[in-house]
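Protein chains: 2
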Amino acid sequence: MNRRASITDLAKALGLSASTISRALADHHDVSEATKARVRQLAKELHYQPNPLAAGLRRGRSNTLGVIVPHITGYFFPEVIHGIASEASEAGFNVMICQSNEDAQQERQIIELLMGAQVAGILLSLSDTTTDFEHFEAVRQQGVPLVFFDRVVQGFKGTNVTSVTLNDYLGAYQVVEHLIAQGCRRIAHFTGPLHVNIHKNRHQGYLDALAAHGLTPDPRLTAFCELSQQGGAAAMRGLMRLSATRRPDGVFSSNDLAAVGGMQVAKKLGFRVPEDVAIAGFSNEVFTQLTEPALTTVDQRCEQMGRTAVQQLQKMLPSPGHTPATPRGIVLKPKLVVRDSSQR
Amino acid sequence: MNRRASITDLAKALGLSASTISRALADHHDVSEATKARVRQLAKELHYQPNPLAAGLRRGRSNTLGVIVPHITGYFFPEVIHGIASEASEAGFNVMICQSNEDAQQERQIIELLMGAQVAGILLSLSDTTTDFEHFEAVRQQGVPLVFFDRVVQGFKGTNVTSVTLNDYLGAYQVVEHLIAQGCRRIAHFTGPLHVNIHKNRHQGYLDALAAHGLTPDPRLTAFCELSQQGGAAAMRGLMRLSATRRPDGVFSSNDLAAVGGMQVAKKLGFRVPEDVAIAGFSNEVFTQLTEPALTTVDQRCEQMGRTAVQQLQKMLPSPGHTPATPRGIVLKPKLVVRDSSQR
DNA sequence: GTGAAAGCGCTAACAA
DNA sequence: TTGTTAGCGCTTTCAC
Chain A
1269 MNRRASITDL AKALGLSAST ISRALADHHD VSEATKARVR QLAKELHYQP
1319 NPLAAGLRRG RSNTLGVIVP HITGYFFPEV IHGIASEASE AGFNVMICQS
1369 NEDAQQERQI IELLMGAQVA GILLSLSDTT TDFEHFEAVR QQGVPLVFFD
1419 RVVQGFKGTN VTSVTLNDYL GAYQVVEHLI AQGCRRIAHF TGPLHVNIHK
1469 NRHQGYLDAL AAHGLTPDPR LTAFCELSQQ GGAAAMRGLM RLSATRRPDG
1519 VFSSNDLAAV GGMQVAKKLG FRVPEDVAIA GFSNEVFTQL TEPALTTVDQ
1569 RCEQMGRTAV QQLQKMLPSP GHTPATPRGI VLKPKLVVRD SSQR
Chain B
1269 MNRRASITDL AKALGLSAST ISRALADHHD VSEATKARVR QLAKELHYQP
1319 NPLAAGLRRG RSNTLGVIVP HITGYFFPEV IHGIASEASE AGFNVMICQS
1369 NEDAQQERQI IELLMGAQVA GILLSLSDTT TDFEHFEAVR QQGVPLVFFD
1419 RVVQGFKGTN VTSVTLNDYL GAYQVVEHLI AQGCRRIAHF TGPLHVNIHK
1469 NRHQGYLDAL AAHGLTPDPR LTAFCELSQQ GGAAAMRGLM RLSATRRPDG
1519 VFSSNDLAAV GGMQVAKKLG FRVPEDVAIA GFSNEVFTQL TEPALTTVDQ
1569 RCEQMGRTAV QQLQKMLPSP GHTPATPRGI VLKPKLVVRD SSQR
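Chains as they are written, first to last, in the working numbering: chain A, 1269 to 1612; chain B, 1269 to 1612.
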């Protein structure tokens, strides 16, 4: 069980210096093609594998990307991570996944951990209990590229900071426009607390789409509820008990789960979906294809978001023949997914 | 922007040698308590952070765990990864997540990558196109702990190799027993190809449970189908068209998706679930709570599997005051989750 | 209980 | 085009 081959070994074997080997392997332009060929040849023979730990130590920077998400469960984050991991691997990065468990304290610790491990960059979706942003200072100041995705810190700028988000406003606008096109005139909206960005934006998209088509938003049709199956069910129960003229003929829920809860209640109360009430959700979760009828929703381009985040990160990284730049925040276009729950 | 504090810095500041600092920080027994206190004190003041790259280089081993999964999508793998990441983080490991994309070739490359990065251990769920196991030889021979989870290589043994799996047989047995207890007498089974382990085991559990309760398995009630929504739908259509005496009054599907497909068809054909036909799936996917009626299924203990895998790995790792051992393969007990689709 | 010395494998500035 | 030198930060003998 002999030691794995090192650059020094190659150097000795070929009667060259370690630096030349190093340069040859890195395909440096000022090494003769002949030498490169010899080096590569031997490297292959000896199954030479670079030691990233040593390279990282020397360079003061590893080739690992740190990823911080609130959690690795549910639909959204795994999909985004899938995108991140795929793109990163294609670009030659490793990925370290960390969960903040929606806890600002843990988020802080993970940042320290990643900075300690000298990651090449950090991809981060904010914990929802994070209220101060002190811990990002170190990242910014040390020039480690930082990309916020989905949950961003508004107004946290820097030459090495950017973001990738979804245009929630547009997504909401499109769903509501679609519902109007299907003949809905009294469209309700299930929403979470409006101080949360995504809900604020989706709500605004809802309002603006109505207005743009000459419909006056009725505040009684905006249901603030917990966006769970139960929450959606309760909200729907309240709405469908209204008199026929005040009852909604369409519902746009700020997430899929509440939409399903609502749909189940509507059916139970004897209303037909979509004929009596058309329903749409938001996120394109897996189960939206399985409901009866299948749920119209908005696709969040999760994988795309992950890939884009890595691409943005790379732009901020110095590399041969490319000076780091600060890309502007990217806002992804959502995609309306029309299914039976809204088509009539 | 001054350099981060190193052990050398601490040494200078305290008039001690680097070795003493290193030992103090590692809580070595032959450093005086007084010195330790002084060192820890200063370390805190200077925000000293160990450099894992340097330590790894020196030790020839990093503190990172490599994880290889076929993909990071769907329900199962993200949940397991969640468990792995949580447990690993509590034990002070970082986790590097890699996807083989169900491709043996990529799996091989990732193994090389991880070995190159000198990971402390590897957690692996086999790609379904992997047929030769040559690439695990290097891992076994270098003594890097290897834990297979869920999808294992039968008969690949070694002092540094173990596995964590689910008792599929038992899960199937329990569901079928439950269906029998609910009064089902003609129970059908949706299965995938029997050369795949999980299906073989679930099928056997199904057969044995029937036999144990005096029911003779009818081969015509075993439906080989694609385990998708469409596959389940097609299978159910075939079965429910049989004459009343040959028609099943219960269905156990080898996965949840096909169970849902089947349930939708049964309802469409005018059968009541669970009264006319009780239905159960396998995996406890999220959407099983959302169907109407909610689907009875078997929980696979995903997170537990991840946590257990990390624990098993740790047992094979040398550490102060503990000699590495080879744990036996762990087989987790599944958990029957009874919901409305089977309760009558 | 502490220190001195050596070196893990690599890279980059500088020299030739 | 190639070599020399030095050192990244840490751990671990071995010596005192």
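From the three backbone atoms N, C-alpha and C, an ideal C-beta is built for every residue, glycine too. Since we're looking at a predicted model, the values are computed, not measured.
- List the residues of chain A whose Cβ lies closer than 7 Å to the Cβ of residue 1555 of chain B, in chain order. Within 7 Å of the CB of residue 1555 of chain B, the CB atoms of chain A belong to 1554, 1555 and 1558, in sequence order along the chain.
- Message: Check whether chain A comes within 8 Å of residue 1565 of chain B, counting only Cβ atoms and requiring the distance to be less than that.
- Response: For residue 1565 of chain B, the closest Cβ of chain A is not nearer than 8 Å.
- Query: Can you tell me the Cα-Cα spacing of residue 1387 of chain B and residue 1322 of chain B, whole angstroms?
  - Reply: Distance between the alpha carbons of residue 1387 of chain B and residue 1322 of chain B is about 14 Å.
- Message: Please classify residue 1586 of chain B as buried or exposed, where buried requires at least 16 neighbouring CB atoms within 10 angstroms.
- Response: A residue is called buried once 16 or more other Cβ atoms fall within 10 Å of its Cβ, and residue 1586 of chain B, having fewer, is exposed.
- In chain order, what residues of the same chain have a beta carbon less than 6 Å from the beta carbon of residue 1584 of chain B, not counting five sequence neighbours either side? Closer than 6 Å at the Cβ level, and outside the excluded window around residue 1584 of chain B, lie 1413, 1428 and 1592.
- Task: Please work out which residues of its chain come closer than 8 Å, Cβ to Cβ, to residue 1475 of chain A, disregarding the five sequence neighbours upstream and downstream, and give them in chain order.
- Result: Cβ contact annotation for residue 1475 of chain A (same chain, cutoff 8 Å, sequence separation greater than five): 1485, in chain order.
- Task: Could you check what DSSP says for residue 1378 of chain B in three-state terms: helix, strand or coil?
- Result: Note: residue 1378 of chain B maps to helix in three-state DSSP.
- Task: Quick one: measure Cβ to Cβ for residue 1392 of chain A and residue 1356 of chain A, integer angstroms, because I've assumed they're closer than 8 Å.
- Result: Residue 1392 of chain A to residue 1356 of chain A, Cβ: 14 Å. No contact.
- Going by DSSP, name the residue or residues bridged to residue 1332 of chain A. In the DSSP assignment, the residues bridged to residue 1332 of chain A are A:1362.
- Item | Whole-angstrom C-beta distance between residue 1350 of chain B and residue 1350 of chain A, which should lie under 8 Å | The pair is not a contact, with the Cβ atoms about 14 Å apart (cut-off 8 Å).
- In the DSSP assignment, what residue or residues form a beta bridge with residue 1295 of chain A? Answer is none; residue 1295 of chain A lacks a bridge partner.
- Message: Helix, strand or coil, according to DSSP, for residue 1406 of chain A in the structure here?
- Response: Helix.
- Task: Under 8 Å by Cβ, that's how I've got residue 1352 of chain A and residue 1378 of chain A pegged, so tell me the actual separation to the nearest angstrom.
- Result: About 16 Å separates the two Cβ atoms, so there is no contact after all.
- Check residue 1422 of chain A in the structure and name its three-state DSSP category. In the structure shown, residue 1422 of chain A sits in coil (DSSP, three-state: anything other than H, G, I, E or B).
- Message: Please state the DSSP three-state secondary structure of residue 1446 of chain A.
- Response: DSSP places residue 1446 of chain A in helix when its eight states are reduced to three.
- Whole-angstrom distance between residue 1273 of chain B and residue 1302 of chain A, CA atom to CA atom: Note on geometry: alpha-carbon atoms of residue 1302 of chain A and residue 1273 of chain B lie some 44 Å from one another.
- Please state whether DSSP places residue 1567 of chain B in a helix, a strand or coil. Strand, per DSSP.
- Query: Taking Cβ positions, are residue 1549 of chain A and residue 1563 of chain A nearer each other than 8 Å?
  - Reply: With respect to the 8 Å criterion, residue 1549 of chain A and residue 1563 of chain A are classified as neighbours on the basis of their beta carbons.
- Between the C-alpha atoms of residue 1456 of chain B and residue 1503 of chain B, what's the straight-line distance to the nearest angstrom? It is roughly 10 Å from the alpha-carbon of residue 1456 of chain B to the alpha-carbon of residue 1503 of chain B.
- Task: Hey, could you find the ends of the beta strand (DSSP E) residue 1614 of chain A is sitting in?
- Result: The first residue shown for chain A is 1269 and the last is 1612, placing residue 1614 of chain A beyond what the model contains.
- Query: What is the residue span of the alpha helix (DSSP H) that residue 1529 of chain B lies within?
  - Reply: It spans 1524-1536 - the alpha helix (DSSP H) in which residue 1529 of chain B sits, taken as one unbroken run.
- Pair every Cβ in the region 1369-1377 of chain B with every Cβ in the region 1300-1315 of chain A, then say whether three or more of these pairs are closer than 8 Å. Counting Cβ pairs under 8 Å, fewer than three are found: no touch.
- I think residue 1244 of chain A touches residue 1347 of chain B, with their Cβ atoms under 8 Å apart; what is that distance to the nearest whole Å? The structure shown does not extend to residue 1244 of chain A, since chain A is modelled only from 1269 through 1612, so no value can be given for it.
- Query: Should residue 1429 of chain B be flagged as near chain A, meaning a C-beta pair shorter than 8 Å?
  - Reply: So, not an interface residue.
- Item | Rounded Cβ spacing between residue 1438 of chain B and residue 1601 of chain B (contact assumed at less than 8 Å) | A Cβ-Cβ distance of about 7 Å is found for the pair residue 1438 of chain B and residue 1601 of chain B, placing them in contact under the 8 Å criterion.
- Task: Starting from residue 1599 of chain A, trace the beta strand (DSSP E) both ways and give me its first and last residue.
- Result: Note, residue 1599 of chain A: beta strand (DSSP E), 1598-1600.
- Message: I want to see whether chain B comes within less than 8 Å of residue 1551 of chain A, judged by CB atoms only; does it?
- Response: Taking 8 Å as the threshold, the shortest C-beta distance from residue 1551 of chain A to chain B does not fall below it.
- Message: Quick check for students: name the residue ranges of the beta strand (DSSP E) that lie wholly in the region 1459-1484 of chain B, counting only runs of 3 or more.
- Response: Scanning the region 1459-1484 of chain B from its first residue to its last, no whole beta strand (DSSP E) run of 3-plus residues comes out.
- Task: Determine the direct distance from the alpha carbon of residue 1311 of chain B to that of residue 1567 of chain A, and round the result to whole angstroms.
- Result: Each residue's alpha carbon lies about 49 Å from the other.
- Quick one, which of B:1465, B:1496 and B:1281 has its alpha-carbon nearest residue 1458 of chain B's? That would be B:1496, whose Cα lies nearest to the Cα of residue 1458 of chain B.
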